[in-house]
Amino acid sequence: QKDEGQDRLIATELVSAVEEFMSRILEELDYRNEAANVARFADIYCHRKGSRDDFGVVVPEILADLCSDHVLVMEWLDGCKLTEFDEADDTCRAENMDLMTSAIKCTLSQLLETGVLHADPHAGNIWRVDFDETAKLGYLDFGLVSAIPSQVRDGLVCAVVHLVFAQDVQAVASLFGELQLLPMQVLEDPIERAALTEALEETMALSLEYPETVDEGETPIPKLKFDKLLDALAKLVPRFQFQLPPYFVNNARAMSTLEGIARSLDPSFNVLQIMYPYALTRLLTNPTGSPVVENTLQSLVREAETGRVSTAKLSKLLKDSALITGFSRARVLRDVLRTKEGRRFVWRIAREQTGYSLKSLASMRRRRRSRSSNDPVTDERTRFFEL
Numbered sequence: 002q003k004d005e006g007q008d009r010l011i012a013t014e015l016v017s018a019v020e021e022f023m024s025r026i027l028e029e030l031d032y033r034n035e036a037a038n039v040a041r042f043a044d045i046y047c048h049r050k051g052s053r054d055d056f057g058v059v060v061p062e063i064l065a066d067l068c069s070d071h072v073l074v075m076e077w078l079d080g081c082k083l084t085e086f087d088e089a090d091d092t093c094r095a096e097n098m099d100l101m102t103s104a105i106k107c108t109l110s111q112l113l114e115t116g117v118l119h120a121d122p123h124a125g126n127i128w129r130v131d132f133d134e135t136a137k138l139g140y141l142d143f144g145l146v147s148a149i150p151s152q153v154r155d156g157l158v159c160a161v162v163h164l165v166f167a168q169d170v171q172a173v174a175s176l177f178g179e180l181q182l183l184p185m186q187v188l189e190d191p192i193e194r195a196a197l198t199e200a201l202e203e204t205m206a207l208s209l210e211y212p213e214t215v216d217e218g219e220t221p222i223p224k225l226k227f228d229k230l231l232d233a234l235a236k237l238v239p240r241f242q243f244q245l246p247p248y249f250v251n252n253a254r255a256m257s258t259l260e261g262i263a264r265s266l267d268p269s270f271n272v273l274q275i276m277y278p279y280a281l282t283r284l285l286t287n288p289t290g291s292p293v294v295e296n297t298l299q300s301l302v303r304e305a306e307t308g309r310v311s312t313a314k315l316s317k318l319l320k321d322s323a324l325i326t327g328f329s330r331a332r333v334l335r336d337v338l339r340t341k342e343g344r345r346f347v348w349r350i351a352r353e354q355t356g357y358s359l360k361s362l363a364s365m366r367r368r369r370r371s372r373s374s375n376d377p378v379t380d381e382r383t384r385f386f387e388l
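Going by the numbering used here, the sequence shown opens with residue 2, and the numbers climb by one from there.
Written out as structure tokens, the structure is:
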């Protein structure tokens with residue numbers, strides 16, 4: 002039974018939803034805005050000039066001299082939808098699945114790294130493009146391009162890692178303030194906070210399907226049922242006064258659409274299998290210097306009871322990164338050390354564990370290797386490098 006305040010909340014949310022829907026229609030009809038969106042997206046992801054051209058995305062060039070408020074003229078792209086292929090052609094299916102995987106990786110980059118998100122990636126806007134005699138991923142229709150705030154990107158990273166690595170729903174509830182989804186009065190009320198945690202646990206039980214068996218020492222990556230997740234979250238909106246900003250709705254819709262296309266090509270597809278490496282990499286390198294990311298990383302490698310670093314948890318985190326990326330743990334650690342925040346994290350852990358700086362530990366390790374016999378003290382202090 003709803004109280005009067007909840008009725009008002011639902012009415013307010015309905016009005017906001019209608020206003021948002023109308024504003025997006027008007028935005029899609031603004032061709033000058035769409036041309037600017039194409040340029041912004043191409044500067045990052047276009048295979049010809051983008052700063053992230055490793056995704057190999059084909060973005061149509063806008064012919065600005067021929068455009069007006071009512072006409073948008075762009076380069077013609079030859080291709081077809083990723084869902085259009087001969088069912089008997091296994092080679093084409095496999096190629097399209099590779100392109101679909103690239104599309105999801107590109108969307109995760111938009112969502113977690115750059116914050117410039119193509120918010121309408123349905124089957125008609127994500128194409129297999131014939132370019133220079135090869136099949137490339139092509140994007141069309143830039144009427145809806147969202148800007149994702151940095152703190153929201155960091156919050157999403159932490160939420161994914163908490164769910165997959167630690168299966169900690171309570172920690173995810175704490176992040177909703179960072180994700181700008183809940184008013185602080187809900188999060189700061191112990192009764193409401195407990196009710197929210199319980200509701201989220203039920204939601205995740207319905208939305209996450211964990212594998213029955215995994216190899217010893219490996220982190221089980223669950224299969225995310227996006228449709229059930231969105232349905233369950235929709236039911237929590239009026240109860241906990243969720244405030245879903247436009248970019249969040251667009252994010253969910255974009256990922257749900259892409260997952261649906263991917264599963265039509267490969268029923269065993271699991272979006273978290275791709276999302277987790279992105280989240281883990283951003284967690285370890287923390288390129289924005291986010292205190293939320295730093296606190297999440299510290300909580301994952303420390304014992305809850307003592308606050309001390311757990312070498313087992315730290316080793317497992319590095320092992321996860323190595324297994325998923327295909328790199329060695331040494332390579333993962335080197336990549337972490339290339340970033341300022343990554344160096345600070347490793348330095349802090351090394352100093353706490355051994356009492357020595359990284360430079361001193363490296364020197365000890367070199368001296369140990371040059372000796373014919375091992376020094377047990379030096380061995381103890383350089384255990385950090387054996388993780």
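The beta-carbon is built from N, C-alpha and C at its ideal position, and this holds for glycine as well.
Can you give the Cα-Cα distance for THR340 and ASP99, rounded to whole angstroms?
-> 30 Å
Leaving aside the five residues before and after LYS394 along the sequence, list all residues of the same chain whose C-beta is less than 8 Å from its C-beta, in chain order.
-> This structure leaves residue 394 out entirely; the chain is present only between 2 and 388.
Kindly list the residues whose CB is nearer than 6 Å to the CB of ALA160, restricted to its own chain and excluding five residues on each side of it in sequence; keep chain order.
-> VAL173, LEU176
Put GLN7 into one of helix, strand or coil per three-state DSSP.
-> Because GLN7 carries a pLDDT of 43, less than 50, the predicted location of this residue cannot be relied on, and the following value inherits that uncertainty. Note: GLN7 maps to helix in three-state DSSP.
Less than 8 Å separating the beta-carbons of PRO258 and VAL337?
-> Per the sequence presented here, residue 258 reads as Thr, with Pro not at that position. Cβ atoms of THR258 and VAL337: not closer than 8 Å.
Can you tell me whether DSSP reads SER291 as helix, strand or coil?
-> If DSSP states are grouped into helix, strand and coil, SER291 belongs with coil.
Using 8 Å as the Cβ pair cut-off and three pairs as the minimum, do the segment 135–152 and the segment 35–54 touch?
-> The segment 135–152 makes contact with the segment 35–54: 3 or more CB pairs, one atom from each, lie closer than 8 Å.
Do VAL117 and ARG41 have their CB atoms nearer than 8 Å?
-> Taking 8 Å as the Cβ cut-off, VAL117 and ARG41 qualify as a contacting pair.
Quick one: measure Cβ to Cβ for GLY156 and VAL293, integer angstroms, because I've assumed they're closer than 8 Å.
-> 6 Å
Residue nearest to VAL310 in terms of C-alpha spacing, selected from GLU342, ARG335, THR282, ARG352 | ARG352
Three-way DSSP call (helix, strand, coil) for LYS226 in this model | coil
GLY308 burial status per 10 Å Cβ neighbour count (16 or more: buried) = Under a 10 Å Cβ-count criterion, GLY308 is classified as exposed, with fewer than 16 other Cβ atoms of the shown protein chains found around its own Cβ.
Where LEU64 and GLU76 are concerned, what is the direct C-alpha to C-alpha distance, given to the nearest angstrom?
-> 7 Å
Boundaries of the alpha helix (DSSP H) in which CYS47 is found, first to last residue | First-last for CYS47: undefined, no H or E at that position.
Exposed unless 16 or more other CB atoms sit within 10 angstroms - verdict on MET185 = exposed
Residues that DSSP places opposite TRP128 in a beta bridge = LYS82, GLY139
Close beta carbons around CYS81, own chain, < 6 Å, minus the five adjacent residues each side | ARG129
Decide yes or no for the touch test of the segment 226–235 against the segment 186–195: beta carbon pairs closer than 8 Å, at least 3 of them.
-> Too few Cβ pairs lie closer than 8 Å, so no.
Buried versus exposed call for GLY290 [16 or more other C-beta atoms within 10 Å across all chains shown] | exposed
Buried or exposed: ASP121, going by 16 or more other Cβ atoms within 10 Å of its Cβ?
-> buried
Flag this pair as yes or no: are the beta carbons of GLN171 and THR198 separated by less than 8 Å?
-> In contact: GLN171 and THR198 (Cβ atoms closer than 8 Å).
Do LEU301 and LEU281 come within 8 Å of each other at the CB atom, strictly closer than that value?
-> no
For ARG94, which residues from the same chain have a beta carbon less than 7 Å from its beta carbon, with the 5 sequence-adjacent residues on both sides left out?
-> PHE86, LEU266
Distance between PRO221 and ALA89 (C-alpha atoms, nearest Å) = 34 Å
Below 8 Å on the Cβ atoms is my guess for PRO223 versus LEU273; work out the distance and round it to an integer in Å.
-> 6 Å
Measure the alpha-carbon distance for LEU164 versus VAL72 and round it to whole angstroms.
-> 46 Å
Can you tell me which of the three DSSP states VAL153 falls into?
-> Assigned with DSSP and collapsed to three states, VAL153 falls in helix.
In the DSSP assignment, what are the bridge partners of LEU119?
-> According to the sequence as given, residue 119 is His; it is not Leu. Looking at the DSSP assignment, HIS119 forms a beta bridge with VAL146.
DSSP beta-bridge partners for ARG194?
-> According to DSSP, which records beta bridges pairwise, ARG194 is partnered with nothing at all.
Confirm, please, whether the CB-CB distance from LEU315 to GLN244 is below 8 Å.
-> No, the Cβ-Cβ distance between GLN244 and LEU315 is not below 8 Å.
Coarse secondary structure for ARG309, derived from DSSP in three states = coil
For LEU209, three-class secondary structure by DSSP | Assignment of LEU209 by DSSP, reduced to helix, strand and coil, places it in the strand class.
Have a look at THR312, LEU112, GLU193 and flag the residue whose alpha-carbon is nearest the alpha-carbon of SER147.
-> LEU112
Considering PRO278, what are the terminal residues of the alpha helix (DSSP H) in which it resides?
-> 272–286
For VAL59, the three-state DSSP class (helix, strand or coil) = strand
Around the C-beta of PRO191, are 16 or more other C-beta atoms found within 10 angstroms, so that it is buried, or is it exposed?
-> exposed
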